[in-house]
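Here is the structure we will look at, set down as structure tokens.
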Ligand code: GLC
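Residue numbers (this note's numbering): 676 to 1429.
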């Protein structure tokens, strides 16, 4: 491969090389027939393939492919193996449809519940998002198909996405918005990364050299090529210099010509051009050798996988009196209400919207599964458009009243959330909310099944006895809903994002979606549960929450050490038992709390998790491993990850709001990197290293015999008064004048240099 690359690079003309950095058409790289360089096809994902039919280009007239659950659903499975298997299935379909790079996964953090594209992203938490993304990439690339980790970086809203600047401090950027990308790249080495439309702190992501070269390649070891989001290149030369290799879509011949001229005139270094061409051709070679002309995929088998996966993503939010699972032998009639039962909302709108191979509906599957034992009635409940229809409401309520159980299918219609625009609030349509209220008024045994890509407000939550979150569950979601409702599958999902009680409680509320071309990430580190924890705001449903048809008990936790250094790994063993009568799966979640820190830190942060399946009465032990980065914060002054000495608490449980097990660990950091003091260093920081007496007695000025007045350090009030004063000013206010030299000497002594 390298030999072939070398030969191509020697034979390519300047024009051809410039052309290779711009796509050949909307979905392909450039081919160079003269040298037998083929083009490769890059197509959307992430939860299925959108390959336009021959002859169509931009459109949505795509070849059929399996539509799997979207990312917010998949992440709610908390099942790494499941994500890998979905990746493998989609990889097989890429081989069959002759796609070489799948444009996904999207691992952007869900900063706001109003994000229009939240359905396409995994989580508000970077560890969950990173682990899900890494597993998915492993799965797809196991078939020799490339992926495109997107959208790098800080593309956390749709509002003005092509121009807005995400204004985020360095520490928050590192700890929250880059970490998922870092985990995927270090664990799974995606063949490409997609640079986002937006700016990051004023610099377009496609021109952000620090992100694309220093962070992505030098720090994280990314070896593939960077592709722009479609239409995201604003300055071709600046993007190439920044390490943004392939401009999509293609056919921009003016840009090719201008770049060629710039190189020829010596305005642009050919070495930089060559670097991008090599990165692109290396992936062309790597993917082309895996092509399988004539390959096909088993649509029925993949549909069955999609159904099983969708069921795994369901989150049981409420189940009063064990109404669920429905017992057909104890039911005479079920009233199915809501158009989503007939026209399921199973994927999001925008570039990820694909042509499914088939679509299941809940009503069909319920009728099929309930057979002729149970009468199944149906009512629309709400109209297609966003308005309340009293007649439909009355018809539904009447039908519900006559049945033993009512099952309402509701959530968010496509017009409420999509790529390209954000949501104005987190409300469901009034027609859906009214329907649930009216039905619950006449039918105590009501179940609500939700289809939505992101958190919704539930003003009716006291009404129904049971609520299932089905997210956008893919083409088989209708059948999966029936499987869960009837207990063929025991739901085991956990929320991958917090559901706030109301919009105003959300972390981003004061800053989203920004104005005058900027959006301030004013909440800093406190995104998702980190915010609700710190502010002690009760959410409607917390991150990591989800019920089951059985019960579990965490019967114990132990750690392999109570003292460690940042060079050690901590092994945490947690025992979990199924204390109910039905097989089920539980997710053990491990959070780390820095009990004593000089820095502001979230109360706790998810650092590891494991899903485990258990028969009734069965007990298993899961082992989770923590290491230095799991304890670290990012020190932006020193541009490094820092582990502090002191106590950490390890918390284990089955929801971010239910962590019954804890263990304390004392960390002895080997990182001797200490802040160097300077004239503007604050006295309180000096007192973290010296006593007041030690520090002030070092301040002596032999030339004038000056120095800190004797015994000053005994004056508690004065010491407190000086805490937030820069030490250079303290020296000058010691009564007698301290020479500049004496102050400099003092600071050197404090730094241990004198
Ligand atoms: C879109 C999306 C990106 C997608 C690309 C190609 O604008 O932002 O996720 O892969 O363009 O459709």
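Note that CB positions come from ideal geometry on N, CA and C, so glycine has one too.
Neighbour-count burial assignment, residue i, 16 or more Cβ in a 10 Å radius
{"i": "residue 1293", "result": "exposed"}
{"i": "residue 751", "result": "buried"}
{"i": "residue 1171", "result": "buried"}
{"i": "residue 1319", "result": "buried"}
{"i": "residue 771", "result": "buried"}
{"i": "residue 1274", "result": "exposed"}
{"i": "residue 838", "result": "exposed"}
{"i": "residue 1256", "result": "exposed"}
{"i": "residue 1134", "result": "exposed"}
heavy atom of ligand 1 below 8 angstroms from residue i C-beta
{"i": "residue 895", "result": "no"}
{"i": "residue 685", "result": "no"}
{"i": "residue 1103", "result": "no"}
{"i": "residue 737", "result": "no"}
{"i": "residue 650", "result": "Limits of the chain in this structure are 676 at one end and 1429 at the other, which puts residue 650 out of reach."}
{"i": "residue 825", "result": "yes"}
{"i": "residue 904", "result": "yes"}
{"i": "residue 719", "result": "yes"}
{"i": "residue 1482", "result": "This structure gives no information on residue 1482, because the portion of the chain shown stretches from 676 to 1429."}
{"i": "residue 1201", "result": "no"}
{"i": "residue 772", "result": "no"}
{"i": "residue 872", "result": "yes"}
{"i": "residue 923", "result": "yes"}
{"i": "residue 1322", "result": "no"}
{"i": "residue 665", "result": "Absent from the model: residue 665. The displayed extent of the chain is 676 to 1429, so no value can be given."}
{"i": "residue 1440", "result": "No answer is possible for residue 1440: the residues shown for the chain start at 676 and end at 1429."}
Proximity of residue i and residue j at Cβ, strictly below 9 angstroms
{"i": "residue 879", "j": "residue 912", "result": "no"}
{"i": "residue 689", "j": "residue 933", "result": "no"}
{"i": "residue 1033", "j": "residue 974", "result": "yes"}
{"i": "residue 863", "j": "residue 810", "result": "yes"}
{"i": "residue 826", "j": "residue 866", "result": "no"}
{"i": "residue 1156", "j": "residue 1145", "result": "yes"}
{"i": "residue 1215", "j": "residue 1187", "result": "no"}
{"i": "residue 801", "j": "residue 858", "result": "yes"}
{"i": "residue 841", "j": "residue 1194", "result": "yes"}
{"i": "residue 1052", "j": "residue 1074", "result": "yes"}
{"i": "residue 1374", "j": "residue 1406", "result": "yes"}
{"i": "residue 887", "j": "residue 919", "result": "yes"}
{"i": "residue 1278", "j": "residue 1208", "result": "yes"}
{"i": "residue 1141", "j": "residue 1041", "result": "no"}
{"i": "residue 1154", "j": "residue 1122", "result": "no"}
{"i": "residue 765", "j": "residue 745", "result": "no"}
{"i": "residue 1143", "j": "residue 1161", "result": "no"}
{"i": "residue 697", "j": "residue 1045", "result": "no"}
{"i": "residue 1268", "j": "residue 1212", "result": "no"}
{"i": "residue 769", "j": "residue 715", "result": "no"}
{"i": "residue 1178", "j": "residue 713", "result": "no"}
{"i": "residue 1337", "j": "residue 1425", "result": "no"}
{"i": "residue 977", "j": "residue 754", "result": "no"}
{"i": "residue 756", "j": "residue 1203", "result": "no"}
Simplified DSSP state of residue i, which is helix, strand or coil
{"i": "residue 840", "result": "strand"}
{"i": "residue 1108", "result": "helix"}
{"i": "residue 914", "result": "helix"}
{"i": "residue 993", "result": "strand"}
{"i": "residue 769", "result": "helix"}
{"i": "residue 725", "result": "strand"}
{"i": "residue 925", "result": "coil"}
{"i": "residue 793", "result": "helix"}
{"i": "residue 683", "result": "helix"}
{"i": "residue 1397", "result": "helix"}
{"i": "residue 940", "result": "coil"}
{"i": "residue 1097", "result": "coil"}
{"i": "residue 1064", "result": "coil"}
{"i": "residue 970", "result": "coil"}
{"i": "residue 1321", "result": "strand"}
Residue i at chain C interface by Cβ criterion, 9 angstroms
{"i": "residue 922", "result": "The chain labelled as chain C is not found in the depicted structure, where only one protein chain is given."}
Point to revise | Cβ contact check for the stretch 843-857 and the stretch 1193-1205: 3 or more pairs under 8 angstroms | key: Taking 8 angstroms as the limit for Cβ pairs, the verdict is that the stretch 1193-1205 does touch the stretch 843-857.
Point to revise | contact_flag[the stretch 812-825, the stretch 761-781] where n(CB pairs < 8 angstroms) is 3 or more | key: Result yes; three or more Cβ-Cβ pairs closer than 8 angstroms.
Check your understanding: Are there three or more Cβ pairs, one per stretch, closer than 8 angstroms when the stretch 958-970 is compared with the stretch 1093-1109?
Key -> Contact between the stretch 958-970 and the stretch 1093-1109 is absent, because fewer than three Cβ pairs lie under 8 angstroms.
Check your understanding: Three or more C-beta pairs closer than 8 angstroms, one from the stretch 1241-1256 and one from the stretch 1297-1307: is that the case here?
Key -> These segments touch.
Exercise for review: Examine the Cβ distances between the stretch 870-877 and the stretch 897-904 and report whether three or more of them are shorter than 8 angstroms.
Suggested key: With the rule of 3 Cβ pairs closer than 8 angstroms, the stretch 870-877 counts as touching the stretch 897-904.
Check your understanding: Any chance the stretch 996-1006 sits against the stretch 697-716, with 3 or more Cβ pairs inside 8 angstroms?
Key -> As far as the Cβ criterion goes, the stretch 996-1006 does not touch the stretch 697-716, which means the pair count is below three.
Practice item. Assess, as a yes-or-no matter, whether the stretch 1092-1102 is touched by the stretch 791-798 under the definition of 3 or more beta carbon pairs within less than 8 angstroms. Key: These segments touch.
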